[in-house]
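Residue numbers for the sequence shown follow my numbering, so the first one is 218 and each next one is one higher.
Using N, Cα and C, we set each Cβ at its ideal position, and we do this for glycine too.
Right, one structure below, let's go through it.
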Amino acid sequence: MKLTGVQKVKKMAKKKTEMFKEEELPVDKTIKVLEYKTIRKGKKWWSAVALVKSFGRNQIAFYLWQMKGERWARKQKFVIHNRNQWETIAENVEKFLPELK
218 MKLTGVQKVK KMAKKKTEMF KEEELPVDKT IKVLEYKTIR KGKKWWSAVA
268 LVKSFGRNQI AFYLWQMKGE RWARKQKFVI HNRNQWETIA ENVEKFLPEL
318 K
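Structure, rendered in structure tokens:
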């Protein structure tokens with residue numbers, strides 16, 4: 218049976234909703250994820266920022282994973298350890314923002 222245009226759109230929307238459902242972050246078992254927000258997630262790449270507890274301290278971590286076969290493999294991780302470090306990062310990023318379109 219051939220799908221109508223509306224049925225195709227509904228099927229695509231359902232697939233996309235399932236793909237973007239929040240799932241547990243694929244992080245090391247020694248890291249406790251307290252909260253996180255997905256920045257962007259597609260079929261091949263997933264980026265997120267998370268509040269994590271690691272080595273007894275709260276930290277903010279930016280993650281980037283790539284889908285490898287059936288699982289997410291971490292490609293990058295950047296951790297902010299304290300407010301002073303964040304302020305330095307934010308101040309310097311702000312300087313480059315005018316260069317973006």
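Residues bridged to residue 290 (per DSSP): Residue 290 pairs with 283.
Per-residue burial, residue 244 [other beta carbons within 10 Å of its own, 16 or more giving buried]: It is buried - the Cβ of residue 244 has at least 16 other Cβ atoms within 10 Å.
Reference residue 265; option with closest CA among 259, 306, 275 and 279: Residue 265 has its Cα closest to that of 279, out of 259, 306, 275 and 279.
Rounded straight-line distance, which links the Cα of residue 295 to that of residue 249: Straight-line spacing of the CA atoms in residue 249 and residue 295 works out to 16 Å.
Rounded Cβ spacing between residue 260 and residue 284 (contact assumed at less than 8 Å): About 7 Å separates the two Cβ atoms, so the contact holds.
Extent of the continuous alpha helix (DSSP H) to which residue 305 belongs: For residue 305, the uninterrupted alpha helix (DSSP H) segment begins and ends at 300-313.
Among 308, 271, 314 and 219, the one whose alpha carbon lies nearest that of residue 298: Relative to residue 298, the option among 308, 271, 314 and 219 whose CA is nearest is 271.
Distance between residue 313 and residue 306 (C-alpha atoms, nearest Å): Their backbone Cα atoms lie some 11 Å apart in a straight line.
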